[in-house]
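Everything on this sheet refers to the single structure shown next.
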Amino acid sequence: MKKLLIVDDHPNIRRMIRYALHDRFVVEESDSADTAYQMLMKAPPDGIVLDVMMPGVMNGFQLCERIKRDSSLADIHVVLVSACGQVADQELGRSLGANAYFVKPFSPLALAHHLIGALMQPSDRSA
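So for the sequence shown, this note's numbering puts the first residue at 604; every next one is plus one.
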């Protein structure tokens, strides 16, 4: 099974995303970009759902940029999620290497559909 890391400081959002994805992915969680980075370095996931605004030293934009600049992590599929829905925010996320940007509130089913399409082989999608 493919592995996903959900990074958001709100437990209810992590729970909602985990519920939408748990039957297709092994799901791990982190409540900060700082902790998530440590997790990534130990065991990189196939994909990461990453909130932009979080407490701590690093925000989601900064972690996305770190992931995409590190050759050992650059293949991780990064989906940014944020209440910051301005075009400039979305463009910044994409310029940093994000593969997708979902504006909160978003549909967990749309997120699941995106991740299944991006990370699963055709034979895995029908399972």
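All C-beta atoms, glycine included, are put in the ideal place defined by N, C-alpha and C.
Check	Outcome
Exposure of D626, with buried meaning 16 or more beta-carbon neighbours within 10 Å	exposed
Proximity to A646 [Cα-Cα], best of S710, V655 and E632	E632
Cβ separation of D612 and D637, assumed to be a contact under 8 angstroms, to the nearest whole Å	About 11 angstroms; that fails the 8 angstroms criterion.
Top-ranked residue by Cα proximity to L699, from M723, L722, H680 and R618	H680
N-terminal and C-terminal residue of the alpha helix (DSSP H) that H716 is part of	P711 to L722
Backbone secondary structure at V690 - three-state DSSP	helix
Counted within 10 angstroms of its Cβ, other Cβ atoms place N702 as buried (16 or more) or exposed	buried
Burial state of V630 (16 or more Cβ within 10 Å)	buried
Enclosing alpha helix (DSSP H) for L623 [first to last residue]	Looking at the sequence provided, one finds Ala at residue 623 rather than Leu. First-last of the alpha helix (DSSP H) with A623: P614 to L624.
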